[in-house]
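Here the working numbering runs 6 ahead of the position in the sequence shown, where the first position is 1.
Every residue gets a Cβ at the ideal spot worked out from N, C-alpha and C, and that includes glycine.
Here the structure is laid out as structure tokens; the discussion comes afterwards.
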Amino acid sequence: MPNFRGYIFDLDGTVYLGEKAIPGASETIAELRKRGCGVVFLSNKPLQRRPAYAEKLTHLGIPTSPDQVINSSLVLARYLAREMPGATVFAIGEPPLLDELAAAGLRLGQTPAEIEVVVASFDRTFDYRKLDIGFQALRRGARFLATNADPTCPVEEGEIPDAGAVIGALDGCSGRKVELVVGKPSSLIVEIALKQLGLPAEACLVVGDRLETDILMGRRAGMSTALVLSGVTRKEDLVHSAVQPDYVLESIADLPFD
Ligand SMILES: [Mg+2]
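Written out as structure tokens, the structure is:
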């Protein structure tokens, strides 16, 4: 593996698992930074805002500033602020997503006739009332976007339903297909990451544990890709996958240096 100028790390399953750092993560990242490499962290998880991720990483021994973390709710807020500034949005999501949208100047609404965009996201308080508001707005022609499309989210005890389930519920009643998912593997999240690094795609390595998000995103963008086996993907999953990484590592600790 050559040396890269920029490294884009997934978080869950790559840098940490739950509340624990993957062994060697802090040492590897410290070494990359010492060598002057750019490092950013990308997460599809819309449950926190950047300062909370930065604080968690710092607490795990990886000193990080909020601008070094990019997640799907930030990408969505930036996209809407650019494409539909001030639009009225109904988001099925948790408070940090709503805060991110409001901070980007979007209006949060619950009246179907006023809603211009319905956002499907990861929401552990999802209920029939929210589904109905989203359904009524979609029937009236609101745009249908999502932060991420992950079917489930890994937790210590297994998995719980993620934004993919909310997309499915809205699709199931309205017959509308989600138009745009901004999280990985979307090119929108890559653009923000490369801008933050100040580097072209070909100078970067993406390191992640999911083939259909991290690795697919990297391949589409023209970056080199490394799959780590410390998260959801097992070596045998590679046999039948259409998405193939350039490198396969046991974990982040095995990133080679010369
Ligand atoms: Mg992951």
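In this structure the segment 141–148 touches the segment 169–181; the number of beta carbon pairs closer than 8 Å is three or more. Using a cutoff of 7 Å, the CB of residue 94 does not count as near ligand 1, since none of the ligand's heavy atoms is closer than that. Not one heavy atom of ligand 1 is found less than 7 Å from the C-beta of residue 156.
Along the length of the segment 157–194, whole beta strand (DSSP E) runs at least 3 residues long occupy 158–161, 164–167, reported in chain order. In this model, residue 159 and residue 209 are separated by some 30 Å (Cα to Cα). Relative to ligand 1, the beta carbon of residue 24 is positioned no closer than 7 Å to any heavy atom. By the Cβ neighbour-count rule, residue 20 is buried, with 16 or more other Cβ atoms within 10 Å of its own. In this structure, the CA atom of residue 227 is about 21 Å from the CA atom of residue 258. Rounded to whole angstroms, the gap between the alpha carbons of residue 31 and residue 171 is 31 Å.
According to DSSP, residue pairing for residue 22 in a beta bridge involves 18, 27. With a threshold of 16 other beta carbon atoms within 10 Å, residue 17 meets it and is buried. If you measure from each CB to the nearest heavy atom of ligand 1, the residues under 6 Å come out as 16, 18, 19, 20, 214, 215, 216, 237. The beta-carbon separation of residue 215 and residue 236, rounded to 6 Å, stays under the 8 Å limit for a contact.
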